[in-house]
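What the sequence shown shows, in the numbering used here, is residues -17 to 293, in sequence order. We put the beta carbon where it would ideally sit given N, CA and C, even for glycine.
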Amino acid sequence: MNLLVTGGCGFIGSNFIEYVIDKKQICKLVNVDCLSYAGSLDNTKSFHKHSKYLLEKYDLSNYNKVYDTFYKHDITHVVHFAAESHVDNSIKGSKEFVDSNIVGTHALLEAARKFKVRFHHVSTDEVYGVAKDGERFSEDTPYDPRNPYSATKAASDFLVKAYVNTHGIKATISNCCNNYGPNQHGEKFIPVVINSLLDDQPIPVYGKGDQVRDWIYVDDHCSGVWKVLTKGKIGETYLVGSDCEKTNLEIITELCKILKKDPNEYISFVEDRPGHDFRYAIDSSKIRKKLKWKSKINLKQGLKKTVKHYA
């Protein structure tokens, strides 16, 4: 396959490229990234000289450049990671989120329709809103986005579904829980905690720190995406999670144990952000049963790997 990966200089995209580039199925891998603040060429150091790898730098809202990339590289498969993803930034200003997450996805879908390629769209569990106590999101959970970021991701999901139904494109969607691991931008929760501890600085904690997230190590997410791309049923959605629900305070405590710090000396409670969803939780039984996928790295192992990267 000639694979186009969008956002391959970002956190999950760069880890995905590293995960797949040596696979025998890959003949050519083209990374399209606009290199926004969240992307970095440093994230590509492990593969940027690989004989299969090419980087094209532009914004996905440039339809002509998207078409040109599909044509000149004879693209057969697409994995679409590129997105603005920081909720706090979407609250302050959402135009970039609309441009990247909706318009960029539309440009790719138009190209996928024109060139008849296999398309996989990577999305988030945040499109489902808040998980009620004792319940977990499934592929049948109604969408209920509650902030500008998740609203734009929900819109992009619906565009993909519409292009499958209307134009018959060969597409799948995966919605994943919170990722962590190497190359994650410093604005995200776990890097903030690690860097604060390493620098002996206070850890800002929204509200009471009792918000619950389902956590997955990035390599496990990458293996799930690859499984859906190669084995998933066209038109289907798959939720990717590792059944690892933890409060923010529990994550901080675990990181403090790894770094041998006292959490009470670092935690600094701050005013909660507007519309902060209390709990996300994923039921990943469909991908486990239908595609025989499962996560392999538990939280303690993953956090140790992550701390090693940042330290």
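What three-state label does DSSP hand A65 in the structure shown? coil
Three or more C-beta pairs closer than 8 Å, one from the region 175 to 190 and one from the region 247 to 267: is that the case here? yes
Are the CB atoms of V289 and I216 within a distance shorter than 9 Å? no
What whole-angstrom Cβ distance do L91 and V142 have, given they're in contact under 8 Å? 7 Å
Rounded distance between the beta-carbons of T134 and I57, thought under 8 Å: Wrong, their Cβ atoms sit about 24 Å apart, outside the cutoff.
Contact set for Q193: own chain, Cβ-Cβ below 6 Å, skip 5 residues either direction: N230, F260
Which partner residues does E38 have in the DSSP bridge list? V14
Among the residues of its own chain, which have a CB less than 6 Å from the CB of F52, if the five just before and after it don't count? A93, F97
Among P245, P127, E0, N(-16), the one whose alpha carbon lies nearest that of C9: N(-16)
State the DSSP-derived secondary structure class of H88, mapped to helix, strand or coil. helix
May I ask which residues mark the beginning and end of the alpha helix (DSSP H) holding K154? The amino acid at residue 154 is misidentified as Lys; the sequence shows Thr. That residue, T154, is in no alpha helix (DSSP H); its beta strand (DSSP E) goes 152 to 158.
Which residue or residues does DSSP assign as beta-bridge partners of Y49? BP columns for Y49 are empty, so no partner.
Any idea what DSSP makes of F29, helix, strand or coil? coil
Within 10 angstroms of its Cβ, does R195 collect 16 or more other Cβ (buried), or is it exposed? buried
Identity of the residues DSSP links to E227 by a beta bridge: D196
Spatial distance of G163 from H203 (CA atoms): 11 Å
Since V222 and S266 should fall inside the 8 Å C-beta cutoff, what is the C-beta to C-beta distance between them, to a whole number of angstroms? 6 Å
Quick one: using the 10 Å Cβ neighbour count with 16 as the cut-off for buried, is Y199 buried or exposed? buried
Three-state secondary structure assigned by DSSP to T288: helix
Taking the alpha-carbon positions, what's the D139 to A89 distance? 14 Å
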